[in-house]
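One structure below.
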Ligand SMILES: Cc1cc2nc3c(=O)[nH]c(=O)nc-3n(C[C@H](O)[C@H](O)[C@H](O)COP(=O)(O)O)c2cc1C
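Numbering (the numbering used here), first residue to last: 1305 to 1784.
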């Protein structure tokens, strides 16, 4: 693996080392020198909004494992991951993982599908998560545990039938992204989108029956919902004006709230975006050549973050009117600018070496969330992309929540290798440094090579599985 040439966070052992490193990067990332245990820690404070009460400020972000059955049912691996979510000690579980609302919307043939034949299995999965939380934290612990299910259609990234056969359903003809797909890219018709709205509402009804507290109507990472928000060039009822570009989101939210008034609706969205990147000289990421005139993104960041967030502010104003209170911010896409979405030292097999110190990517998402929280103080915000902070995650998280820059700190990759990090932090235990995510990206490289996701470097369970050998071989083949 090539050395990306950035200072390793693991080498920054003292607060002053971390502070000096931040100042070298010109970053003013908020952090407390000492991470406090409960009950003093801001991370230990409960939060109640819109009838949901979460007992602390740690949130598990949605993470798929590419380990369901071809029918979209969970496997033992899926259950293991969900049990870990429950054991983490986090009191908010945002979405668990993306579940497709119908077969053609699956991002891979192993993605969960929520429909009439699978919802009971997904209900049992939720029960397993809650049971593992209760086993660990006591009988009453479920009272302030909030669990949602993320609903999705993968749009241009759909591969429902074979992992190496894209079957895209795009929101519009994209000048830079269409050519990354092997064949013609089909654009969804207005009628198809109308039907898909009903599929989301139907899936939400099943999620409610399965016991979830809320559903997340996914609008991030380049999938269909997110792509529609940027459909300026699309003709018809779902393109052009803001009203049209948000018709899909609006109709789904209105449909769910009308049909399932007891179910809360959350939205995870890419608050800002960058142009698509590709591998440049020496393997480092560079913007696509033709990206200079590129404007067709939702929240395109070209310099000023406040300007980039204008799209998000407009959308949040609408969502607030609709009655949505719970939001989860992310950014960009794992497909066309992974360094923005999940900052990592080592790229996944379809990525590129980081074009910047990954801490810049972390700081960007923290900054964007803080600005949106300041503009919409009555909404609840979960922030993302904290895993790269590694040893310093608790210190930054504490300050972010303490200063009201976000309501919850969302954890993604860190939960795959070190699920109990929230519990350790709140109990005042020292972090187990051997289990801290060092962002090797194997959790992304594995599924890119048709293998289940998991932490192969640090989780002995995955390291001992036959897929670990296959992953090694796939990485070696790539190195040539
Ligand atoms: C293996 C893997 C699977 C993921 N699956 C989803 C998903 O299903 N839905 C989603 O919104 N984000 C997904 N993400 C993105 C994470 O939720 C999160 O935004 C990202 O990893 C950055 O947070 P982190 O720095 O804590 O890892 C996934 C990330 C990883 C690594």
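Virtual Cβ for every residue (Gly too), placed ideally from N, Cα, C.
Terminal residues of the continuous alpha helix (DSSP H) containing residue 1553? 1551–1563
Please report the straight-line C-alpha distance between residue 1606 and residue 1581, rounded to a whole angstrom. 14 Å
Following a CB-centred definition, is residue 1639 positioned closer than 7 Å to any heavy atom of ligand 1? no
Do residue 1525 and ligand 1 come close, with the Cβ less than 7 Å from some heavy atom? yes
Expressed to the nearest angstrom, what Euclidean distance is found between the alpha-carbon atoms of residue 1683 and residue 1399? 18 Å
In terms of residue numbering, what span does the alpha helix (DSSP H) encompassing residue 1770 cover? 1770–1783
Just verifying my parser: in three-state terms, what is the DSSP assignment at residue 1363? strand
Please say whether residue 1363 and residue 1520 have beta carbons closer to each other than 8 Å? no
Please find out if some non-hydrogen atom of ligand 1 comes closer than 7 Å to the beta-carbon of residue 1716. Residue 1716: yes, Cβ under 7 Å from ligand 1.
Any idea which residues DSSP pairs residue 1583 with across the strands? Beta-bridge pairing links residue 1583 to 1589.
Per DSSP, which residues does residue 1474 bridge with? Please list them. 1491
Would you report the Cα separation of residue 1480 and residue 1598, rounded to the nearest angstrom? Looking at the backbone, the Cα of residue 1480 and that of residue 1598 are separated by about 9 Å.
Might you give, ordered along the chain, the residues of its own chain that have their beta carbon closer than 8 Å to the beta carbon of residue 1427, omitting 5 neighbours on each side? 1513, 1514, 1515
Mapping DSSP to helix, strand and coil, what is residue 1504? helix
Given a cut-off of 8 Å on the beta-carbon distance, is the pair residue 1368 and residue 1401 in contact? A contact, by the Cβ cut-off of 8 Å.
In the DSSP output, what is residue 1454 paired with across the bridge? 1402, 1520
Any heavy atom of ligand 1 inside 7 Å of the beta-carbon of residue 1366? yes
Alpha carbon to alpha carbon, how far is residue 1330 from residue 1661? 11 Å
If you drop the 5 nearest sequence neighbours on each side, which residues of the same chain put their C-beta closer than 7 Å to that of residue 1436? Correct list, in chain order: 1387, 1390, 1391.
Could you pull the start and end residues of the beta strand (DSSP E) that residue 1633 belongs to? 1630–1634
For a quick check, are the C-beta atoms of residue 1667 and residue 1577 less than 8 Å apart? no
Roughly how many angstroms lie between the CA atoms of residue 1373 and residue 1409, to the nearest whole one? 15 Å
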